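The block underneath contains the structure these notes are about, expressed in structure tokens.
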Amino acid sequence: MADRDYILFEERQKDRGIDLEVVKAKLKALNVETPSWGYAHQGTRFKVFQPAGVPRDTYEKFEDAAQVHRFTGVCPKVAVHIPWDKVDDYGKLKRHAADLGIGIGAVNPNLFQDEEYMLGSVCHSDPRIRRKATDHLLECVEIARTVGSKDLSLWIADGTNYPGQADIRKRKRWMYECLQEMYNALDPDMRMLIEYKFYEPAFYHTDLADWGMSFNLANRLGPQAEVLVDTGHHPQGTNIEHIVAYLLDERKLGGFHFNSRKYGDDDLIVGSVNPYELFLIFYQILDAAADADAGVRRNAAGIAYMIDQSHNIEPKIPAMIRSVMNVQTNYAKALLIDLDEVRRAQEAQDVLAAEHAVRQAFEMDVTPLLQVVREEMGIPADPMQAYLQSGYADRIRARGQGGGGS
Ligand code: PSV
Ligand code: MN
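If you're matching positions, the sequence shown starts at 3 in my numbering and goes up one per residue.
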């Protein structure tokens, strides 16, 4: 049945002038990094539920992440968060990952969980706290060097809860000074990916509240600093794909933290609420990948795709597999957009034809395409079913309840 479906799909795409071999090659080349903290007990400021089988340490987080790669074939890297993933020997962790067929991805410093960061880290008015925060950033650069990671993802939780609580301009300068010290410690092939979030944990003002602030900071720091777009970090109704297009045109889009946000949390499965948004993000990226400007094309090619989710009520490994599959599905649909058709409609000022040319790709069923791609990659056509039938969930139950958390 899948074969027949694929033949029909292939015929339709041929009629549309879409080269399916190119589409398949791009799908096979997609890499989605998963977060170590997505396998652990975390993910909410309310109750953290305690199912059995959750990893007791970082080594077990990598074992679970390896399952996601085994069944999807597109998740060879795992992001780490320091000190949640602090180990005595990072070389050993690197070897453990390699034995599992995966590697260590972005290194995330943690500037929000120390008692002393209550009133800020790199924006704290006390130079001793800023020093401590900067030393941690430098420690993370060193860890990245040891494990061979090229990306450092930075999320700064600093902010205030009340007007007048602190000097906003001074905090801005302090942050720049600390980050500049970190930037200067980077190897030439390393990148600093700067995230933003408009609220939480601070509620009156956040020191790095939106993409414009991250963009400004990245510009001032230099070419190795880029912006990281966490899809859950915007006010409701924000046009994220516009931000993506803008940053691509400025050659400053570093990566994504994919997740879905409905109201106040950013830890839900990407594509579960608004798959069209995810599709439109990929549309902008693919359009930039075909730009006449080589710098824009290079930026589009260098994007780090990462998931940033901590599942609290859903089993963590299948939730991660679902997330990866949602990313693949929407990327596959975006690859079916006939960009020439869109451009012709734009040039003819035909608003409805242009909108149709984009939307029609979203409305196509890419299931047969993804099944064929997976078969060609030597992985199960249905990763979710294959994982659920693998018995892994039963085996890890022996780890017991409680996990190692973070
Ligand atoms: C903050 O909400 C965030 O998106 C940052 O990326 C953190 O590193 C991550 O979630 C885990 O808390
Ligand atoms: Mn994030």
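Every residue, glycine too, gets a C-beta built ideally from N, C-alpha and C. Computed from a predicted model, the values in this text were never measured in an experiment.
Any non-hydrogen atom of ligand 2 within 7 Å of residue i CB
i, result
"His259", "yes"
"Trp2", "Residue 2 is absent from the structure shown; the chain starts at 3 and stops at 408."
"Asp310", "yes"
"Asp232", "yes"
"Glu2", "Past the boundaries of the shown model lies residue 2; the chain is included only from 3 to 408, so the question cannot be answered."
Interface flag, residue i vs chain B, CB-CB below 8 Å
i, result
"Leu230", "Reference to chain B is not applicable here, since this structure consists of a single protein chain."
Expected contact under 8 Å - CB spacing of residue i and residue j to nearest Å
i, j, result
"Lys318", "Val34", "The pair is not a contact, with the Cβ atoms about 16 Å apart (cut-off 8 Å)."
"Glu118", "Ile131", "6 Å"
"Asp2", "Ser312", "Residue 2 falls outside the range modelled here, since the chain spans only 3 to 408, and no answer is possible."
"Arg253", "Asn301", "4 Å"
"Pro320", "Met386", "6 Å"
Ligand 1 heavy atom lying under 7 Å from the CB of residue i
i, result
"His207", "no"
"Trp176", "no"
"Asp293", "no"
"Asn110", "yes"
"His126", "no"
"Asp116", "no"
"Asp268", "yes"
"Trp213", "no"
"His83", "yes"
Between the CA atoms of residue j and residue i - distance to the nearest angstrom
i, j, result
"Gly407", "Ala363", "Bear in mind that the predicted position of Gly407 carries a pLDDT of just 48, short of 50, making it unreliable; the figure below should be weighed with that in mind. Taking the straight line from one Cα to the other gives about 41 Å."
"Pro85", "Asn112", "7 Å"
"Lys32", "Ser155", "It should be pointed out that residue 32 corresponds to Leu in this sequence rather than to Lys. Taking the straight line joining both Cα atoms gives about 20 Å."
"Ile9", "Val24", "17 Å"
"Gly105", "Pro78", "6 Å"
"Ala334", "Met322", "18 Å"
"Ala168", "Trp176", "12 Å"
"Cys203", "Asp128", "Sequence inspection shows Pro at residue 203; the Cys mentioned does not correspond to that position. Those two C-alpha atoms are separated by around 20 Å."
"Ser151", "Asp91", "15 Å"
"Leu22", "Glu377", "15 Å"
"Leu29", "Gly402", "37 Å"
"Ala400", "Lys172", "52 Å"
"Asp17", "Asp7", "16 Å"
"Ile398", "Glu316", "16 Å"
"Met3", "Thr369", "Its pLDDT being 48, under 50, Met3 is placed unreliably in this model, and the value from its coordinates should be taken loosely. Taking the straight line joining both Cα atoms gives about 12 Å."
Do three or more CB pairs link the stretch 202-221 to the stretch 155-167 at distances below 8 Å? Yes, the stretch 202-221 touches the stretch 155-167.
Enumerate, from N- to C-terminal direction, the unbroken beta strand (DSSP E) stretches of 3 or more residues contained entirely within the stretch 314-358. When DSSP assignments are scanned along the stretch 314-358, no uninterrupted stretch of beta strand (DSSP E) that is 3 or more residues long falls wholly within it.
Counting Cβ pairs closer than 8 Å, one from the stretch 265-279 and one from the stretch 291-300, do we hit at least three? No contact exists between the stretch 265-279 and the stretch 291-300.
Going residue by residue through the stretch 58-98, where are the continuous beta strand (DSSP E) segments of at least 3 residues, counting only ones entirely within it? Listed in chain order, the complete beta strand (DSSP E) runs (minimum 3 residues) inside the stretch 58-98 are 79-84.
Looking at C-beta atoms only, is the number of pairs between the stretch 339-358 and the stretch 255-262 that lie closer than 8 Å three or more? Not touching, per the Cβ criterion.
Flag this pair as touching only if the stretch 241-251 and the stretch 275-290 have three or more C-beta atom pairs under 8 Å; answer yes or no. Yes, since at least three Cβ pairs between the stretch 241-251 and the stretch 275-290 fall closer than 8 Å, the two stretches touch.
Is the stretch 223-238 touching the stretch 190-201, taking contact as three or more C-beta pairs under 8 Å? Counting C-beta pairs with one atom in each stretch, the stretch 223-238 and the stretch 190-201 have three or more that are closer than 8 Å, which means they touch.
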